[in-house]
Amino acid sequence: GQNIDQPTEMTATEGAIVQINCTYQTSGFNGLFWYQQHAGEAPTFLSYNVLDGLEEKGRFSSFLSRSKGYSYLLLKELQMKDSASYLCAVRDGGATNKLIFGTGTLLAVQP
Amino acid sequence: AAGVIQSPRHLIKEKRETATLKCYPIPRHDTVYWYQQGPGQDPQFLISFYEKMQSDKGSIPDRFSAQQFSDYHSELNMSSLELGDSALYFCASSLDVADTQYFGPGTRLTVL
Numbered sequence: 333g334q335n336i337d338q339p340t341e342m343t344a345t346e347g348a349i350v351q352i353n354c355t356y357q358t359s360g361f362n363g364l365f366w367y368q369q370h371a372g373e374a375p376t377f378l379s380y381n382v383l384d385g386l387e388e389k390g391r392f393s394s395f396l397s398r399s400k401g402y403s404y405l406l407l408k409e410l411q412m413k414d415s416a417s418y419l420c421a422v423r424d425g426g427a428t429n430k431l432i433f434g435t436g437t438l439l440a441v442q443p
Numbered sequence: 027a028a029g030v031i032q033s034p035r036h037l038i039k040e041k042r043e044t045a046t047l048k049c050y051p052i053p054r055h056d057t058v059y060w061y062q063q064g065p066g067q068d069p070q071f072l073i074s075f076y077e078k079m080q081s082d083k084g085s086i087p088d089r090f091s092a093q094q095f096s097d098y099h100s101e102l103n104m105s106s107l108e109l110g111d112s113a114l115y116f117c118a119s120s121l122d123v124a125d126t127q128y129f130g131p132g133t134r135l136t137v138l
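These protein sequence lines map, in sequence, to chains A and B.
Here the numbering used here runs 332 ahead of the position in the first sequence, where the first position is 1.
Here the numbering used here runs 26 ahead of the position in the second sequence, where the first position is 1.
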């Protein structure tokens, strides 16, 4: 079966750093994506890992360990606008590379 | 930069009615995906198209059908609507099957 786990909720302080973890067990794997989603809006692409290691994009970094089925998203210098849900999604590597989403982590950034 | 366009943005229907949702992918993107997101849930894959052919099918009810047209836009047709069909329906497009998927703003369907 397909299983992608993330913490349900997290709280962090403005200006701080927060790490959101994601563990996965899927029948196929062709990359792991992180999306940001504000309530009622479309998921917005943040980062992508297909090889092990760290990918850095400005205030956002994402790490992948394929052998451990583990990824994390690191958000630095948190801003109030970073309050949103963060979705971990595995691309399943099948004919169409559809995305299988985790349940998402709702991040609340406090002043 | 151009994004994925979905219409309508909001739709209210009665039970047993039909609905048609439209998706216009980013220019040059030939792959389209449809996802359904219920309240408080993660997006669930419904169906996808590559070069106007259905390429994969997920948890899509038999009451739903979809197609991709020659201009690469896609339509999701939903018949005999049920209360449980109330959800956000997202379309995503990618340059090809190996590329990042970019999501449209979604259509919020409410079935009364």
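Just so it is clear, CB atoms sit at the ideal spot from N, CA and C, and this is done for glycine as well.
The structure displayed is predicted, hence computed values, not measured ones.
Q. Who are A:Gly385's beta bridge partners in DSSP?
A. Bridge partners of A:Gly385: A:Leu396.
Q | Given A:Ser399 as reference, the closest of A:Lys408, A:Leu410, A:Arg391 and A:Gly385 once Cα atoms are compared | A | Of A:Lys408, A:Leu410, A:Arg391 and A:Gly385, the residue nearest in Cα terms is A:Gly385.
Q. For B:Tyr59, which of B:Gln32, B:Thr44, B:Glu108 and B:Lys41 has the nearest alpha-carbon?
A. Comparing Cα-Cα distances from B:Tyr59 to each of B:Gln32, B:Thr44, B:Glu108 and B:Lys41, the minimum goes to B:Gln32.
Q: Check whether the Cβ of B:Ser74 lies closer than 8 Å to any Cβ atom in chain A.
A: Output row for B:Ser74: interface = yes.
**Q.** Beta-carbon proximity of A:Ala374 to B:Gly132, cut-off 8 Å
**A.** Cβ distance < 8 Å, so A:Ala374 and B:Gly132 count as in contact.
(Q) Suppose the cutoff is 6 Å on Cβ atoms and the five residues either side in sequence are ignored; what does the same chain contact list for B:Ile86 look like? (A) Result list for B:Ile86: Leu72 and Ile73, in chain order.
Q | Distance between beta carbons of B:Leu102 and B:Ala113, contact taken as under 8 Å | A | Between B:Ala113 and B:Leu102 the beta-carbon gap is near 12 Å, outside 8 Å, which marks them as no contact.
(Q) With a threshold of 8 Å between beta carbons, is B:Gln127 in contact with chain A? (A) With 8 Å as the cut-off, B:Gln127 counts as an interface residue toward chain A.
Q. Can at least three beta-carbon pairs, one atom from the region 30-47 of chain B and one from the region 105-121 of chain B, be found at a separation below 8 Å?
A. Yes, the region 30-47 of chain B touches the region 105-121 of chain B.
Q | Entirely enclosed beta strand (DSSP E) segments - the region 36-119 of chain B, minimum 3 residues | A | Fully contained in the region 36-119 of chain B are the following beta strand (DSSP E) runs of length 3 or more, in chain order: 36-39, 45-50, 57-63, 70-76, 79-83, 90-94 and 100-104.
Q) Nearest chain B C-beta to A:Ala440 closer than 8 Å, yes or no? A) With its beta carbon at least 8 Å from every one in chain B, A:Ala440 lies outside the interface.
Q) According to DSSP, what are the bridge partners of A:Thr435? A) In DSSP, A:Thr435 forms no bridge with anything.
Q) Can you find a C-beta in chain A that's less than 8 Å from the C-beta of B:Phe116? A) For B:Phe116, the nearest beta carbon of chain A is closer than 8 Å to its own beta carbon.
Q | Beta-bridge pairing of A:Ser379 - partner residues as DSSP gives them | A | Bridge pairing for A:Ser379: A:Trp366 [DSSP].
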